[in-house]
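Asker:
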Amino acid sequence: RKEVEQDPGPFNVPEGATVAFNCTYSNSASQSFFWYRQDCRKEPKLLMSVYSSGNEDGRFTAQLNRASQYISLLIRDSKLSDSATYLCVVILNTGGFKTIFGAGTRLFVKA
Amino acid sequence: ETGVTQTPRHLVMGMTNKKSLKCEQHLGHNAMYWYKQSAKKPLELMFVYSLEERVENNSVPSRFSPECPNSSHLFLHLHTLQPEDSALYLCASSQVKGSYNEQFFGPGTRLTVL
């Protein structure tokens, strides 16, 4: 089983739609969680950290479910500019810290 | 601007060539990373230099050799590569604070091995 799994998509949604991505992780030693965004042919950039209590940043909401070992990202009122690949990132604490990237979920927002 | 620069941005090399990728971070961070990104695959961590300690992924072939002369500069030396090594090579840096580790990426070097 992969340490971090994401649905590769693509998710094709119209502008204004709400879309949600999930990311599952297999190691209970996972300690910190992030969502990164990667535009086509560009480098990944941090979108938001994921806190235990859940957190919101404008149209973006991140949730963590430790019992079921998944994190989610909800995007409301999708914009064309939200089209990108969304990478789930997990940091394990196994004596040292290890960062693991998911393969990403591709989102296309259409006019 | 991410504060992490990489050169060259594009590189085409033959299997017998030797080349080096360069990364520089201007953020005062204490850790630097090399990643390989192939199409439709997760970023693969190749090497980490953190707090002056080198950590490597044991699956990385010896034809890739990192060098970190100081906390701001990171090199990846390449020799006798194979066509399957063609990929985007990303450098990142971070300020390690326990488990909080936001990584800032450079624009990458797109490598093609003929």
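Chains as they are written, first to last, in the working numbering: chain A, 1 to 111; chain B, 1001 to 1114.
By construction, the Cβ of each residue, glycine as well, lies at the ideal position given by its N, Cα and C atoms.
1. Determine, using beta carbons only, whether residue 1098 (chain B) comes closer than 9 Å to chain A.
2. Could you tell me whether any Cβ in chain D is nearer than 9 Å to the Cβ of residue 8 (chain A)?
3. Can you tell me whether residue 15 (chain A) is buried or exposed? The criterion is at least 16 other CB atoms within 10 Å of its CB, across all chains shown.
4. Please list, in chain order, the residues of the segment 60 to 83 of chain A that have any C-beta partner in chain B closer than 8 Å.
5. Return the residue from the list B:1046, B:1017 and B:1039 that minimises the CA-CA distance to residue 100 (chain A).
6. So, using beta-carbon positions, are residue 34 (chain A) and residue 1096 (chain B) closer together than 9 Å?
7. To the nearest angstrom, report how far apart residue 108 (chain A) and residue 32 (chain A) are at their CA atoms.
8. Within the chosen definition, does the segment 1019 to 1038 of chain B reach the segment 1063 to 1073 of chain B through at least 3 CB pairs nearer than 8 Å?
9. Would you call the segment 1083 to 1092 of chain B and the segment 1035 to 1042 of chain B touching, i.e. three or more CB-CB distances under 8 Å?
10. For residue 1078 (chain B) and residue 59 (chain A), I'd like the C-alpha separation in whole angstroms.
11. Output the boundary residues of the beta strand (DSSP E) element that contains residue 1041 (chain B).
12. Check whether the Cβ atoms of residue 26 (chain A) and residue 43 (chain A) sit closer than 9 Å, and answer yes or no.
13. Whole angstroms are fine: how far does the CA of residue 20 (chain A) sit from the CA of residue 54 (chain A)?
14. Ignoring anything shorter than 3 residues or poking outside the segment 40 to 75 of chain A, list the beta strand (DSSP E) runs there in chain order.
15. Please classify residue 39 (chain A) as buried or exposed, where buried requires at least 16 neighbouring CB atoms within 10 angstroms.
Answerer: The structure says:
1. Yes, contact with chain A.
2. The question asks about chain D, but that chain is absent: this structure's protein chains are A and B.
3. Residue 15 (chain A) comes out exposed.
4. Result list empty, no residue passes.
5. Among B:1046, B:1017 and B:1039, the Cα nearest to that of residue 100 (chain A) belongs to B:1046.
6. Cβ atoms of residue 34 (chain A) and residue 1096 (chain B): not closer than 9 Å.
7. Between residue 108 (chain A) and residue 32 (chain A), the C-alpha separation is close to 27 Å.
8. Taking one beta carbon from each stretch, the segment 1019 to 1038 of chain B and the segment 1063 to 1073 of chain B have 3 or more pairs nearer than 8 Å; the two touch.
9. In short, these stretches touch, since the Cβ pair count reaches three.
10. Taking the straight line joining both Cα atoms gives about 43 Å.
11. In this chain, residue 1041 (chain B) is not harboured by any beta strand (DSSP E), its DSSP state being neither H nor E.
12. Residue 43 (chain A) sits away from residue 26 (chain A), with the two beta carbons spaced by 9 Å or more.
13. For residue 54 (chain A) and residue 20 (chain A), the gap between their C-alpha atoms comes out near 14 Å.
14. Within the segment 40 to 75 of chain A, the runs of beta strand (DSSP E) at least 3 residues long that lie entirely inside it are, in chain order, 44 to 50, 55 to 57, 60 to 65 and 70 to 75.
15. With fewer than 16 Cβ atoms within 10 Å of its Cβ, residue 39 (chain A) is classed as exposed.
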